[in-house]
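The opening residue of the sequence shown carries number 1 in UniProt numbering; numbering runs sequentially from there. In what follows, a single structure is set out as structure tokens and then discussed.
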Amino acid sequence: MNGKKILFVSSELVPYLPENQVSLMSYEAPRMVNSNGGQIRIFMPRYGNINERRHQLHEVIRLSGMNLVINDMDMPLIIKVASIPRERIQVYFIDNEEYFKRKGTFTDKDGNLFPDNDERAIFFAKGVVETVKKLNWSPDIIHVHGWMASLLPLYLRQYYADEPIFADSKIVTSVYGKSFDGELDANMQKKIAFDGIEDSKISTLSTPDYNNLLKVAVDYSDAVILASEEISDDLTEHISNLDKPVLPFVSFQEAEEAYSNFYNTEVLK
1 MNGKKILFVS
11 SELVPYLPEN
21 QVSLMSYEAP
31 RMVNSNGGQI
41 RIFMPRYGNI
51 NERRHQLHEV
61 IRLSGMNLVI
71 NDMDMPLIIK
81 VASIPRERIQ
91 VYFIDNEEYF
101 KRKGTFTDKD
111 GNLFPDNDER
121 AIFFAKGVVE
131 TVKKLNWSPD
141 IIHVHGWMAS
151 LLPLYLRQYY
161 ADEPIFADSK
171 IVTSVYGKSF
181 DGELDANMQK
191 KIAFDGIEDS
201 KISTLSTPDY
211 NNLLKVAVDY
221 SDAVILASEE
231 ISDDLTEHIS
241 NLDKPVLPFV
251 SFQEAEEAYS
261 NFYNTEVLK
């Protein structure tokens with residue numbers, strides 16, 4: 001991975017959120033690349049339950065201040081940054097008062113999905129791309145983890161299709177086991193279509209559940225990693241019908257070698 005630039009975009013990341021498959025692998029994969037000479041950037045949402053003082057988050061004024069249009073509404077983009085001390089890894093946080101100030105990640109205190117999770121996902125995808133453009137940093141690989149990041153491949157290949165900074169970037173999506181029941185807002189497809197993305201490109205999201213979000217993510221990716229042992233039959237079948245490289249599930253202990261080989265021999269070939 002020496003010298004390769006890899007952008008990691010994740011829904012969750014330790015040590016900022018509790019440990020689970022997504023948050024642990026979203027930390028381990030960048031650590032692996034970093035230790036093998038690669039250049040990395042990590043992006044995640046700045047949820048309201050992240051302790052800014054403890055983790056020493058601070059706003060990056062030169063990257064903040066832009067407004068993103070979400071479903072015909074101007075939403076201010078705030079960028080914060082922090083470092084994971086023991087690894088010297090910098091993390092960029094996508095923030096907005098309306099979408100991310102509340103004290104929860106994906107659900108309220110009663111376990112109900114936030115009704116605007118669809119808009120939060122759109123904002124996150126656009127916010128990552130616009131910030132990377134400001135950084136003028138062209139990644140070789142963009143690696144997506146978690147459903148809140150699942151719209152990034154779609155937006156990169158459709159809304160930002162003509163952006164030269166991503167012209168040679170390869171997108172990898174890690175698919176994890178189902179992490180929420182139910183569906184996001186029924187108007188999610190219309191909100192994405194507002195950005196000029198054709199309905200035919202997002203027809204799957206007429207039912208915006210977990211599996212369909214991940215189907216859209218892998219459809220617009222160049223390669224797929226099965227990051228959990230238990231992935232639904234529906235999603236597994238969809239992935240098996242794609243004509244693109246797929247890395248089968250490997251244990252946490254085998255991940256470093258397997259991911260590195262997959263990046264080098266399948267994604268960047």
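Quick reminder that beta carbons are idealized off the backbone N, C-alpha and C, glycines included. A quick note: this is a predicted structure, and the numbers were derived from the prediction, not measured.
Three or more beta-carbon pairs under 8 Å between the region 2-9 and the region 134-143, yes or no?
With the cut-off at 8 Å, the region 2-9 and the region 134-143 touch.
Three CB pairs or more closer than 8 Å across the region 14-24 and the region 107-124
Between the region 14-24 and the region 107-124 there are fewer than three inter-stretch CB-CB distances shorter than 8 Å, so the stretches are not counted as touching.
Under 8 Å, with one C-beta from each stretch per pair, do the region 182-190 and the region 155-164 reach the 3-pair mark?
Verdict: no, contact absent.
Quick one: Cα of N87 to Cα of R31, how far?
The residue you asked about is not Asn; residue 87 is Glu in the sequence shown. Between the alpha carbons of E87 and R31 lies a distance of about 7 Å.
Taking just the CA atoms, how far does K133 sit from F124?
Rounded to the nearest angstrom, the two C-alpha atoms are 14 Å apart.
Per DSSP, which residues does Q90 bridge with? Please list them.
S83.
Straight-line Cα distance separating M73 from S251
Those two C-alpha atoms are separated by around 43 Å.
Comparing C-alpha positions only, which one of A227, L226, S228 and S203 sits nearest to V216?
Closest option to V216, Cα to Cα, is S203.
Per-residue DSSP class, three states only, for L226
Note: L226 maps to strand in three-state DSSP.
Segment limits, beta strand (DSSP E) that includes K5
For K5, the enclosing beta strand (DSSP E) stretches over residues K5 to S10.
Would you grab the beta carbon distance between S150 and L214 for me? Rounded to a whole angstrom, and I think it's under 8 Å.
That pair is a contact at about 6 Å.
Quick one: using the 10 Å Cβ neighbour count with 16 as the cut-off for buried, is V69 buried or exposed?
The residue is exposed, with fewer than 16 neighbouring Cβ atoms inside 10 Å.
So, at 6 Å on beta carbons, what are the nonlocal neighbours of S64 in its own chain, with the 5 sequence-adjacent residues on each side left out?
If the five residues before and after S64 are omitted, its C-beta is found closer than 6 Å to the C-beta atoms of I78 and I79, all from its own chain and listed in chain order.
Quick one: residues in its chain with C-beta nearer than 7 Å to the C-beta of G37, no 5 flanking neighbours on either side, listed in chain order?
These residues qualify, in order along the chain: M1, N2 and G3.
As a quick exercise: from R46, E198, S206 and Q90, pick the residue whose alpha carbon is nearest that of I40.
For the residues R46, E198, S206 and Q90, the minimum Cα distance to I40 belongs to Q90.
Could you check what DSSP says for L63 in three-state terms: helix, strand or coil?
It is coil, neither helix nor strand.
From V246 to Y220, what does the alpha carbon distance come to, in whole angstroms?
Using only the alpha carbons, I get a separation of about 14 Å.
Cβ-based neighbour list, P45, same chain, cut-off 6 Å, excluding 5 preceding and 5 following
For P45, the CB contacts under 6 Å within the same chain, skipping 5 residues up- and downstream, are I94, F100 and F124 in chain order.
Whose C-alpha, out of S169, K190, G104 and Y210, is nearest the C-alpha of K201?
Taking only the C-alpha atoms, the option nearest K201 is K190.
Given this structure, state the Cα-to-Cα distance separating A161 from I84, to the nearest angstrom.
Their Cα atoms are separated by approximately 32 Å.
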